[in-house]
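In this note's numbering, the protein residues as written are 951 to 1405.
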Amino acid sequence: MIHVFNRVSKIFAALFMVFMTVGGSFAQDGEALFKSNCARCHYASDKKLVGPGLAGVRSRWSSEDNLHAWIVNSTDYLKTGDSYATDLFEKFNKSVMPGFPNLKKEEVTAILDYIDKAGAAPAGGGSDSTAVAGGGAGAQGGDSGNTLMYVLIVVILILSVLIYALYKISVSLTELVKQREGDGSTDDRTFLDKAEDCFRASKKWAGENKAIVGVAIFVGLCFVLKLAWDGLMGIGVYQGYQPHQPIKFSHAKHAGELKIACEYCHTGVKESRHATIPSSSTCMNCHKAVSEGPLYGKNEIAKIYASIGFDPNKGAYIDNYNNQDKEQVLAVYEEWLGGDNDAFRAVEQYVQKPIDWVQIHKLPDHAYFNHAQHYRVGGVECQTCHGKVEEMEEVKQFAPLTMGWCINCHRETKVKFEENPYYDKLHDYLAERYKKGDQFTVARIGGLECGKCHY
């Protein structure tokens, strides 16, 4: 028995080490990193988006070190004169790929591993569906389904080991009983013979316990269907998507602590379908005077200066900025950052270029949403759809933004007649029709009509 126990202990120890190794591999989640940093411009397949498809990207470069250097800072790498990089730059109309100096080498490797895996998937396998422009991530719906699948695999492995261990224990105990009873015979059957006997015994047991087997099959089928359903429902849902932005802008600091109203920066929210991303000139309303932040000092604000052409050393805008010699402009920000090479490299890529903010909330093209209609006319608070942004350091997608989620909101949200004269005439009509003014939801004024949201 001690021998059997030691053997089982070794099996469980090996299983634990495998589990820990698998768990460690998820620390660098290549899929999440890809969606956060690359999916806006690239598919993981061979299909083109803004940039080339990335399937087989490793094989197209002379070495992986060169590919790493290109990803971290394509502008610097072009200066090496690499023929493939130059051809790629020319082929895509000299569009400069944003650098990713904050990505560690192991993170870049994780992204490339994910691309290899996704690029090898069969057509229609879904790699493109997860690598949509501006999409993400993140997408928590798909990740939760994957996590459940990993748990299922681990459970199956553990149960398999347990079954094997119990089988070995049973065999050992049987032999021990025979020895104690004086039966010195040994079991000379081969492994296949034993497996066949085990199968027959299992078949006999299943025939005698049909109810238990039926319930087990039913539960297993329900579990598989639930996995399939969750996977299908997660397609195109990016709740929890939280990409890194080019500037470490803290909404908790600006909207939370400083109480800056959302519409001050997102100026289109009152008048337009789109809330709009603030321009650098909006940032300069404050940061012409505030040149250092409490967390990152000069480093992040300097990116705004480099983009818009503001000389922080003189406190004035640079005349004819976009036509100035780049080396002279770089010297301005190098002086401002005081020789901090890492900060300077991060700022360099924004010189005479716009800030390339990463879009987080992206609806399908066939879905119509108007910010002004909801915020100004309907009186819907920003937090209803975007969550408590004033508490977020880095913004993430709070709501699933699915059709069902929107419809449910229209069914539950009451129309604010008393606060908006726009609805006066409609209120009188509905009051006569329904006789209960407090039951006027968006659904009752046409909020569930297909044409309201779909062209």
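Just so it is clear, CB atoms sit at the ideal spot from N, CA and C, and this is done for glycine as well.
For residue i, the first and last residue of its enclosing alpha helix (DSSP H)
| i | result |
| --- | --- |
| Arg1326 | Unbroken run through Arg1326: none, as it is neither H nor E. |
| Ile1254 | Ile1251 to Ile1258 |
| Thr1391 | That residue, Thr1391, is in no alpha helix (DSSP H); it is neither H nor E in DSSP. |
| Arg1223 | Here Arg1223 belongs to no alpha helix (DSSP H), and DSSP marks it neither H nor E. |
| Asn987 | Gly980 to Asn987 |
| Ser995 | Counting along the chain, Ser995 falls outside any alpha helix (DSSP H), and DSSP gives it neither H nor E. |
| Tyr1246 | Unbroken run through Tyr1246: none, as it is neither H nor E. |
| Asn1052 | Looking at the DSSP string, Asn1052 is not in any alpha helix (DSSP H), and its letter there is neither H nor E. |
| Met1183 | Lys1160 to Met1183 |
| Tyr1027 | Ser1024 to Leu1028 |
| Thr1036 | Ser1033 to Lys1041 |
| Leu1280 | Lys1276 to Trp1286 |
| Val1297 | Asn1291 to Glu1298 |
| Ser1009 | Val1007 to Arg1010 |
| Glu1213 | Cys1212 to Cys1215 |
| His1311 | Neither: His1311 is in no alpha helix (DSSP H) and is coded neither H nor E. |
Option in the options with minimal Cα separation from residue i
| i | options | result |
| --- | --- | --- |
| Tyr1372 | Arg1361, Thr1352 and Val1327 | Val1327 |
| Tyr1267 | Glu1242, Gln1333 and Tyr1255 | Tyr1255 |
| Pro1350 | Ala1161, Val1163, Gly1164 and Tyr1188 | Tyr1188 |
| Ala989 | Met1047, Tyr1214, Ala1035 and Gly1218 | Met1047 |
| Pro1244 | Met1099, Ala1202, Asn1273 and Ala1068 | Ala1202 |
| Gly1265 | Ser1241, Glu1277, Leu1280 and Lys1248 | Ser1241 |
| Ala1018 | Thr1059, Glu1040, Phe1141 and Tyr1100 | A quick correction: the sequence has His, not Ala, at residue 1018. The shortest Cα separation from His1018 among Thr1059, Glu1040, Phe1141 and Tyr1100 belongs to Thr1059. |
| Phe1042 | Val1000, Ile1258 and Phe1050 | Val1000 |
| His1360 | Asp1378, Gly1397 and Tyr1325 | Gly1397 |
| Asp1292 | Phe1050, Asn1272 and Ser1222 | Phe1050 |
| Gly1218 | Asn1320, Cys1233, Tyr1246 and Val1121 | Asn1320 |
| Ser1257 | Ala1239, Ala1211, Ile1197 and Tyr1214 | Ile1197 |
Assumed close pair residue i, residue j - CB separation to whole angstroms, cut-off 8 Å
| i | j | result |
| --- | --- | --- |
| Leu1376 | Ile1395 | 6 Å |
| Gln1347 | His1311 | 6 Å |
| Thr1352 | Thr1391 | Actually they do not touch by this definition, with Cβ atoms about 19 Å apart. |
| Gly1006 | Lys997 | Contact doesn't hold; Cβ gap of about 12 Å is too wide. |
Interface flag, residue i vs chain B, CB-CB below 8 Å
| i | result |
| --- | --- |
| Ser1122 | The structure shown has no chain B; it contains just one protein chain. |
Residue i (DSSP reduced to helix, strand or coil)
| i | result |
| --- | --- |
| Tyr1191 | coil |
| Asp1261 | strand |
| Tyr1373 | helix |
| Lys1364 | strand |
| Ala1239 | coil |
| Tyr1318 | coil |
| Tyr1064 | helix |
| Phe969 | Reliability fails at Phe969, whose pLDDT of 46 lies under 50, so the model's placement of it is uncertain and no value is given. |
| Tyr1267 | strand |
| His1018 | helix |
| His1404 | strand |
| His1411 | Summary: the structure shown does not reach residue 1411, with the chain confined to residues 951 through 1405, and so no result is reported for it. |
| Met1234 | helix |
| Leu1142 | helix |
| Gly1157 | helix |
| Gln1302 | coil |
| Glu1343 | coil |
| Trp1355 | helix |
| Phe1149 | helix |
| Ile1197 | coil |
Requested in this report: Examine the Cβ distances between the stretch 1269-1289 and the stretch 1298-1315 and report whether three or more of them are shorter than 8 Å.
Outcome: yes
Query raised in the report: Pairing CB atoms from the stretch 985-993 with CB atoms from the stretch 1180-1196, are three or more of them under 8 Å?
Result: yes
Query raised in the report: Would the stretch 1359-1370 and the stretch 1203-1223 be scored as touching if the rule is three or more Cβ pairs under 8 Å?
Result: no
**Report entry** Contact the stretch 1029-1038 vs the stretch 1005-1017: 3+ CB pairs below 8 Å
**Finding:** yes
Query raised in the report: Between the stretch 1318-1333 and the stretch 1179-1186, do three or more beta carbon pairs fall short of 8 Å?
Result: no
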